[in-house]
Structure formats: structure tokens, C-alpha cells
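Written below as C-alpha cells is the structure these notes are about.
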Amino acid sequence: MNEVGLLDLVLEEEFTRDPNLVFLATNSPASLRRRFGSDRVRICAISEQAMTGMAVGAAISGLRPIVDLNRASFAMLVMDQLVNHAGRMHYLSGGQYRVPMIVTSATRGRQQLGPQNEQCPYGIFMQTPGLAVVVPGSLRDACALLRGATRWPGPVLYFVAPELNRQRGLSAALAAAPLRFGEAAHLRHGDAATIVAIGGAVKVASDAADALAADGVHCDVLDPRTLVPLDTAALAASVRRTGRLVFVDDGPRSGAPAQILSRLLDEPGVAAAAGGRIGYVCQPDVPVPSAPPLEETMWPTEGRIRAEVQRVLGEPE
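In UniProt numbering, the protein residues as written are 1 to 317.
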């Protein structure tokens, strides 16, 4: 999260509101340290497992820790703490304990950091009961969902794309009220197809929808905002109406898109309405290469989205 400094001001306001908030990271925001001191803002040794394990214990004891893993790829290092402990403690204790903690990290960016550091692993954690999974698609939602995360009763995995830091409207974003989890954003309206865009891919999907609209093809564009809980009702209603579905994500097709599709196909009428007219503009199911020309083929682009929408419409581009 250090890559997206816009959230530091949100944290300062939330730290003032809630004295139980504490921050654990290998490098914490200087302004947060100066204002709230080392008792609440800790610079930790480089051990993601230790930081996350401390956070689980602190949350059970009544604090609300925020752990910044920096890169989303480091979430793989703390699977045991998140999956076996944070996500299951409420169940294992018969409801006696909650684990109100937040784990923040940055997803893929255009930095050529290679296959180990350029990842969007949120689809993996959608399969873990007990974890909320948050992936904002805009600057405003990044702030509002972080505020919502500081009020959520259990563990939250908060994945944010570095590209959001380049969006305009910081003042409006900082003024945004907390967003409730489980409510998708309906960004564009149309009957031709439903585009479900996730995280850093939301803006390019919206731009592609605008370009399609200029050609007379009007699409629904929805941003789930939270993958767990998922606003299945809103997504399903759109697909039943349009009869076509295209996923756009910076992550792999077998990740969040596959998880969302499995949920949607369980909804009455969705499979019949879509009739197999389902498309994907995602990272292929291979590691992200370091070489810029190869990595460029891994990103959703406006042209690829337009072509995929035309394909599910059964029309040539």
C-alpha cells in the first residue's frame, strides 16, 4: 500500500476516529508515525509471517491491526496465518472471538517486476471462508472501501492497483463516506452485453464501453468492488437482461473471473440467458513475464475488450 500514498490520509483520519487501530509494516508512512507514535505504528522486521501472526493475536485481544504486505505476491507467504487462523478463528471458537484485521497490498503495475511480484491473487482468497476480499476499481472507492474495512467485524484482504494513484479527484475521494461491502457499482448502462471489470481493469473497461457506445453498442459495466461478499444479485440481474457476459481483469482467467462465473451460473436463469456467450479479457494462465513487450500482451486493452464484446455479440469487429 505504500505505493498508493493517497490512502495515508484516510488512515490518519481513521486512526483518529478509532484508537484501536494499529499499523504493522516493514516501512510505515512517516506522517502516521509522527502523529500516532511507535506504539500504534510499528516498523517491523522483514517477516510477513511474523507481522501477520502478530496481527491475528492483536485482533483477538481487541485491537484492529492493519498489516501492509506491500506487494500482493507476499500474500502467498502468509497463507497459514490468513487461511487457517484469521479466516477460521470465529468458527473455531464458536463465535467467541473475532479477528478484525486488514491486510493491504498492491497488485500488478506496469513496473516489470517479474512473475513473482506482478500478481493479482485475490481469486485464491475468494475460496477461503471467513475472509472478506476487497478490490477497489477507482480512487474514490479505494478510500471509501478502506474506511469500510476499518469497520468490518472480521479479516479483510484489501488489494489495490498502483494505477489508481494516477486517477484524478483526490479531494472527492478523501471525502467519500465508508462503503458497505457487497454492493457492486453500476458504471455504465446498456442492453448489448454485461462487462464485469475488476480492480485496475475497471477504467479501461469503462473506456472501452464508451467507445462501443459511440458505435451504437451499449453495455452494462459493473465493478463488484468486493469479491467477498459478492453482489451476486446485481451481476446476475444484468446478465439475465443482456444475455452476454465479458470479464475484464488484470489477473488470470482462472482466478476471480472463474470464481465469479461459478457463483453466477448458480443463479436462476443466468446460464440459460448467457447461453455460452461468455468472454474474457484477462491475463493468460501463465506467469507474468519481465520483458516489457511480452508483459504488454498480458494487459487488458480497450481494443481487446471491444473485440471480445463484438465476439460474444456474434458480430465482426
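Where is the CB? At the ideal position from N, CA and C, for every residue including glycine.
Could you spell out where the alpha helix (DSSP H) holding residue i opens and where it closes?
i      : result
Val239 : Thr232 to Thr242
Asp210 : Val202 to Ala214
Ala258 : Ala256 to Leu265
Val123 : Residue identity check: residue 123 is Gly in the sequence provided, not Val. Unbroken alpha helix (DSSP H) run through Gly123: Tyr122 to Phe125.
Glu302 : Glu302 to Leu313
Glu295 : Pro292 to Glu296
Decide if residue i is buried, meaning its Cβ has at least 16 other Cβ atoms within 10 Å, or exposed.
i      : result
Met76  : exposed
Thr226 : buried
Gly314 : exposed
Glu13  : exposed
Gln81  : buried
Val4   : Only weak support is given to the placement of Val4: the predicted model assigns it a pLDDT of 40, under 50, and the value that follows is read from those uncertain coordinates. The residue is buried, with at least 16 neighbouring Cβ atoms inside 10 Å.
Pro155 : buried
Gly303 : exposed
Ile46  : exposed
Ile260 : buried
Arg108 : buried
Pro115 : exposed
Gln96  : exposed
Tyr122 : buried
Ala149 : buried
Thr297 : exposed
His85  : buried
Ile43  : exposed
Phe175 : A small correction: the amino acid at residue 175 is Ala; Phe does not occupy that position in the sequence shown. It counts as exposed.
Pro300 : buried
Sort out for me which residues DSSP pairs residue i with in a bridge.
i      : result
Ala197 : Val248
Ile66  : Phe23 and Ile102
Ala185 : Asp223
Ala273 : BP columns for Ala273 are empty, so no partner.
Ala132 : Val156
Gly279 : Val246
Val228 : Val133
Starting from residue i and walking both ways along the beta strand (DSSP E), at which residues does that stretch end?
i      : result
Asp285 : Neither: Asp285 is in no beta strand (DSSP E) and is coded neither H nor E.
Val41  : Val41 to Ile43
Our contact map puts residue i next to residue j with C-beta atoms below 8 Å; I'd like the distance itself, whole angstroms only.
i      : j      : result
Ala55  : Pro65  : 4 Å
Leu32  : Asp68  : About 11 Å separates the two Cβ atoms, so there is no contact after all.
Leu187 : Ser206 : 6 Å
Val78  : Gln49  : 6 Å
His90  : Gly62  : Their Cβ separation, rounded to whole angstroms, is 15 Å, which puts His90 and Gly62 out of contact at 8 Å.
Leu212 : Pro224 : Not quite, the Cβ-Cβ distance comes to about 21 Å (not below 8 Å), so this is no contact.
Asp231 : Glu183 : 6 Å
*4 or more residues per run - each alpha helix (DSSP H) lying fully within the stretch 45-91*: 48-60
*beta strand (DSSP E) segments (min. 3 residues) lying fully within the stretch 136-173*: 156-160
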